[in-house]
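Protein chains: 2
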Amino acid sequence: MNKRYPVTDLIAELPASVPFVGPEAAERAMGRKFAARIGANESAFGPSPAAIAAMEKAASEIWMYADPENHDLRAAIAAHHGVAMENVVVGEGIDGLLGYTCRLFVEPGRHVVTTVGAYPTFNFHVAASGGALHFVPMNEDREDPQRLLDEAERRDAVLIFFSNPNNPMGTCWPADQVREFAQAVPENRVLVLDEAYIDFAPPGTELGIDPARPNVLRYRTFSKAYGMAGARVGYCIGEAGLIAQMEKVRNHFGMNRAAQEGALAALGDRDHLRDVYAKVASARDRLDAIAEGAGLSAVASATNFVAIDCGRDASFARQVVAALAEEGVFVRMPIAEPQARCIRVTAAPDALLDRFEEALRKVLARLR
Amino acid sequence: MNKRYPVTDLIAELPASVPFVGPEAAERAMGRKFAARIGANESAFGPSPAAIAAMEKAASEIWMYADPENHDLRAAIAAHHGVAMENVVVGEGIDGLLGYTCRLFVEPGRHVVTTVGAYPTFNFHVAASGGALHFVPMNEDREDPQRLLDEAERRDAVLIFFSNPNNPMGTCWPADQVREFAQAVPENRVLVLDEAYIDFAPPGTELGIDPARPNVLRYRTFSKAYGMAGARVGYCIGEAGLIAQMEKVRNHFGMNRAAQEGALAALGDRDHLRDVYAKVASARDRLDAIAEGAGLSAVASATNFVAIDCGRDASFARQVVAALAEEGVFVRMPIAEPQARCIRVTAAPDALLDRFEEALRKVLARLR
Numbered sequence: 000m001n002k003r004y005p006v007t008d009l010i011a012e013l014p015a016s017v018p019f020v021g022p023e024a025a026e027r028a029m030g031r032k033f034a035a036r037i038g039a040n041e042s043a044f045g046p047s048p049a050a051i052a053a054m055e056k057a058a059s060e061i062w063m064y065a066d067p068e069n070h071d072l073r074a075a076i077a078a079h080h081g082v083a084m085e086n087v088v089v090g091e092g093i094d095g096l097l098g099y100t101c102r103l104f105v106e107p108g109r110h111v112v113t114t115v116g117a118y119p120t121f122n123f124h125v126a127a128s129g130g131a132l133h134f135v136p137m138n139e140d141r142e143d144p145q146r147l148l149d150e151a152e153r154r155d156a157v158l159i160f161f162s163n164p165n166n167p168m169g170t171c172w173p174a175d176q177v178r179e180f181a182q183a184v185p186e187n188r189v190l191v192l193d194e195a196y197i198d199f200a201p202p203g204t205e206l207g208i209d210p211a212r213p214n215v216l217r218y219r220t221f222s223k224a225y226g227m228a229g230a231r232v233g234y235c236i237g238e239a240g241l242i243a244q245m246e247k248v249r250n251h252f253g254m255n256r257a258a259q260e261g262a263l264a265a266l267g268d269r270d271h272l273r274d275v276y277a278k279v280a281s282a283r284d285r286l287d288a289i290a291e292g293a294g295l296s297a298v299a300s301a302t303n304f305v306a307i308d309c310g311r312d313a314s315f316a317r318q319v320v321a322a323l324a325e326e327g328v329f330v331r332m333p334i335a336e337p338q339a340r341c342i343r344v345t346a347a348p349d350a351l352l353d354r355f356e357e358a359l360r361k362v363l364a365r366l367r
Numbered sequence: 000m001n002k003r004y005p006v007t008d009l010i011a012e013l014p015a016s017v018p019f020v021g022p023e024a025a026e027r028a029m030g031r032k033f034a035a036r037i038g039a040n041e042s043a044f045g046p047s048p049a050a051i052a053a054m055e056k057a058a059s060e061i062w063m064y065a066d067p068e069n070h071d072l073r074a075a076i077a078a079h080h081g082v083a084m085e086n087v088v089v090g091e092g093i094d095g096l097l098g099y100t101c102r103l104f105v106e107p108g109r110h111v112v113t114t115v116g117a118y119p120t121f122n123f124h125v126a127a128s129g130g131a132l133h134f135v136p137m138n139e140d141r142e143d144p145q146r147l148l149d150e151a152e153r154r155d156a157v158l159i160f161f162s163n164p165n166n167p168m169g170t171c172w173p174a175d176q177v178r179e180f181a182q183a184v185p186e187n188r189v190l191v192l193d194e195a196y197i198d199f200a201p202p203g204t205e206l207g208i209d210p211a212r213p214n215v216l217r218y219r220t221f222s223k224a225y226g227m228a229g230a231r232v233g234y235c236i237g238e239a240g241l242i243a244q245m246e247k248v249r250n251h252f253g254m255n256r257a258a259q260e261g262a263l264a265a266l267g268d269r270d271h272l273r274d275v276y277a278k279v280a281s282a283r284d285r286l287d288a289i290a291e292g293a294g295l296s297a298v299a300s301a302t303n304f305v306a307i308d309c310g311r312d313a314s315f316a317r318q319v320v321a322a323l324a325e326e327g328v329f330v331r332m333p334i335a336e337p338q339a340r341c342i343r344v345t346a347a348p349d350a351l352l353d354r355f356e357e358a359l360r361k362v363l364a365r366l367r
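Protein sequences appear in the order of chains B and G. The numbering of the first sequence is numbering that gives the first Met the number 0, which starts it at 0 and goes up by one. The numbering of the second sequence is numbering that gives the first Met the number 0, which starts it at 0 and goes up by one.
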């Protein structure tokens, strides 16, 4: 290979890909800010006031590195979930933790199974570790455990990615079926269970998997229900020895000190969370109604976003997304067919949804 | 290999190592806080008030992800250094960027050269990428360009690590000699030039390497002079195509939004920096005097810390570090002989150095 830089062959062959383009890039291109930022499933309901206060206080203490063991935060997370501290690793968002996970299990010659249109950042990390990705389709807009298991068997895959609830469709499986799925994963494979949105799911979705099970890793985040996407705090729950492997690759001093303090405070404010759940549920209903009012249909959501079926193909949905952006409304859409018939809109305060409703009406009138 | 988990062979064989134990771990073990935290080269002079204000303001906006392109911060850094934005990548501290660097260039079968006792986190990342590390000794407490070049040739190393000024000794080379060194590195190797402490170095240390040079990467941080260690903001300057390779492996959404805002504000406050430089210079003088007063000698420092030669072996220095901890004073020491005859003390406000002076007197009286 004729290489300009002495990078590894793996890196030289990797295309320069970016999992997501941020709304700021679009804003720079447009030369103005979005009026309604409801495309990245951020929580415009905001973080707990206690978390804000903790981060403000930490600002003047930022001259100190954060505790590289994330001790206090891990202890609080462990207590919250009824597991041991050794079952928890904290990282720079689920994205960071998925990256570490791929470094543990993936290398050239290894195989990974996921779903067409599922979380692209996971795919990015698999590729960067040299793994071969294999895809199964969704089944009625849900990730399909049986197909994933079958494909993993066929490919002898080391990782199986599964998000519950699913992003970008908002669909989910009840806990019983996920538990069955997890139990069916053989010990030579690891189930990567992305639960970023599980806080919003109906009762009975939350999984009660024994943390002693050595091949299930569950990923949680402060970015969604806790309203702290910009803080970059995620965590992973799993069997202690498996979690300990992360120590071999993680950026020990990668966490922001104010983010640690903010997450700790956020975890303690259950009232704020209950308030957010209620507001998200109400915003989902509103989004359903907006969709219906526009002659579209919404996919039933177990998350803080709603996939709205635009009723045609991906090309049409893409036009809707672009036209909404021109109206100052940032939304995204699924990356793959047939889900890309939809646009994905984040639950948000009424003022932002008003703006979306108005823009959608205008845009559809123009495009139809 | 009999493995409990389906990790790669590389990971299975890696020892569970941690580059640094944080002071919080010692505090938890002691059951009390350090009175003087002067061991991690954090700046107790604190960040710019403008940076604190920016981070406080960002706390309530933390529900939004940070711009994954770090656009505004990169633009400001580029302008500050007189390079193009494409020559700059921002990451989760130099630690994070060193990790990404290793992923670009290192894999099993590849070789890396560094100095005995140089930055252990770099070694951690090389090992995690499967590289073979080769070490050359320091020469009179300085990293030795010629030895590094020779060993890189002998091992056919892809990366050469060099810090200027050096951590943990605080020594440095003038820019002319570093430039010669960089020019002598052949194109099939990359010079990893860690400049974390260069803001404190005498005029004439700052390097003027052409960013078009395709095999030099320079690492800078907001953790030291800018007083924002807990924010985790580092950056790397290099040739545009080389910097672009980082896009293939980095955690695009890894940066904390408040940290971005804080760093941007900090970069603009040159008055605060000048004030910090003066205070650090004065604290270094004070540390020299404290060492002399205790019958010890200080290594001349170009950084915000001073290596104090305890005059005996590593075992004695280790006793001094432990005894200082008992007195509530956190310092560290070099990890390798013969530099481990020293303790490493961070420049800090007088109240903290008073505490150190008193504790040192007490500790030495006991140990001698």
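Cβ coordinates follow ideal geometry from the N, Cα and C atoms, glycine included. Since the model is a prediction, treat every value here as computed from it, not as a measurement.
Asked                                                                                                                                                                                 : Found
For residue 148/G, collect the residues of the same chain with a Cβ closer than 8 angstroms to its Cβ; drop the 5 residues on either side in sequence, then sort them by chain order. : 159, 180, 183 and 184
Less than 8 angstroms between the CB atoms is what I'm expecting for residue 205/G and residue 197/G, so what's the real figure, rounded?                                             : 6 angstroms
Per DSSP, which residues does residue 171/B bridge with? Please list them.                                                                                                            : None, per the DSSP bridge assignment.
Below 8 angstroms, how does it come out for the stretch 276-294 of chain G and the stretch 233-252 of chain G: are there three or more Cβ pairs, yes or no?                           : no
Start and end of the beta strand (DSSP E) containing residue 131/G?                                                                                                                   : 131-135
Between the stretch 261-271 of chain G and the stretch 72-92 of chain G, do three or more beta carbon pairs fall short of 8 angstroms?                                                : yes
Pick out whichever of 361/G, 332/G, 347/G and 334/G has its Cα sitting closest to the Cα of residue 325/G.                                                                            : 361/G
Count the C-beta pairs between the stretch 26-38 of chain G and the stretch 52-60 of chain G that are closer than 8 angstroms, then say yes if the count reaches three, no if not.    : no
Please compile the residues from chain B whose C-beta is within a distance smaller than 8 angstroms of the C-beta of residue 106/G.                                                   : 7 and 9
Is it buried or exposed for residue 176/B, if we count other Cβ within 10 angstroms and need 16 for buried?                                                                           : exposed
Should residue 86/G be counted as a contact of the ligand NAP given a C-beta to heavy atom distance under 6 angstroms?                                                                : The ligand content of the structure shown is nil, which means the ligand NAP is not present either.
DSSP on residue 6/G, reduced to helix/strand/coil?                                                                                                                                    : coil
Just verifying my parser: in three-state terms, what is the DSSP assignment at residue 189/G?                                                                                         : strand
Buried or exposed for residue 359/G, please, with buried defined as at least 16 other CB atoms from any protein chain shown within 10 angstroms of its CB.                            : buried
If the cut is a Cβ gap below 8 angstroms, which residues of chain B does residue 187/G touch?                                                                                         : 5
Interface residues of chain G around residue 242/B at Cβ under 7 angstroms?                                                                                                           : Result: empty, since nearest Cβ-Cβ is about 10 angstroms, beyond 7 angstroms.
Report the residues of the stretch 246-261 of chain B with a CB closer than 8 angstroms to any CB of chain G, ordered along the chain.                                                : 246, 247, 248, 250, 251, 252, 253, 254, 255, 256, 257, 258 and 261
Could you have a look at residue 100/B and say whether DSSP puts it in helix, strand or coil?                                                                                         : helix
Which residues mark the beginning and the end of the alpha helix (DSSP H) in which residue 308/B is found?                                                                            : Element bounds for residue 308/B: not the alpha helix (DSSP H) but the beta strand (DSSP E), 304-308.
If you count every other CB in all the chains shown that lies within 10 Å of the CB of residue 303/B, and 16 or more means buried, which is it?                                       : buried
Since residue 161/G is in the beta strand (DSSP E), which residue starts that stretch and which ends it?                                                                              : 158-162
Taking the straight line between their C-alpha atoms, what separation do you get for residue 169/B and residue 81/B?                                                                  : 27 angstroms
Could you check how far apart the C-beta atoms of residue 194/B and residue 62/G are, in whole angstroms? I think they sit under 8 angstroms.                                         : So it is not a contact: roughly 20 angstroms between Cβ atoms.
Figure out for me which residue from 200/G, 19/G and 323/G has the closest Cα to the Cα of residue 364/G.                                                                             : 323/G
Using a beta-carbon distance below 7 angstroms, is residue 0/G in contact with chain B?                                                                                               : Any answer about residue 0/G is weak, because its pLDDT of 49 lies below 50 and its placement is not dependable; what the coordinates show is given next. No, because no Cβ of chain B sits closer than 7 angstroms to the Cβ of residue 0/G.
Give the DSSP-derived three-state secondary structure of residue 217/B in the structure shown.                                                                                        : strand
Could you tell me the alpha carbon to alpha carbon distance between residue 154/B and residue 216/B, rounded to whole angstroms?                                                      : 20 angstroms
Please look up how many angstroms separate the CB atoms of residue 233/B and residue 92/B, rounded, as I've assumed it's under 8 angstroms.                                           : 4 angstroms
Out of 68/G, 13/G and 354/G, which one is the CA nearest neighbour of residue 27/B?                                                                                                   : 68/G
Compare the C-beta of residue 41/B against all C-beta atoms of chain G and say whether one is closer than 7 angstroms.                                                                : yes
Count the other C-beta atoms from every protein chain shown that fall within 10 angstroms of the C-beta of residue 371/B, then say buried if there are 16 or more, exposed otherwise. : In the structure as shown, chain B begins at 0 and stops at 367. Residue 371/B is therefore absent and cannot be evaluated.
Within this structure, are the beta carbons of residue 307/G and residue 290/G separated by less than 7 angstroms?                                                                    : yes
Skipping 5 residues on each side, what residues in its chain have a beta carbon closer than 7 angstroms to that of residue 0/B?                                                       : Annotation note: pLDDT 49 at residue 0/B (below 50); position unreliable, no value reported.
Cα-Cα, which of 220/B, 343/B, 128/B and 292/B is closest to residue 13/B?                                                                                                             : 128/B
Helix, strand or coil for residue 421/G per DSSP?                                                                                                                                     : In the structure displayed, chain G extends from 0 to 367; residue 421/G sits before or after that span and is not available.
Based on the DSSP output, what are the partners of residue 120/B in its beta bridges?                                                                                                 : Paired residues: none, contrary to the question.
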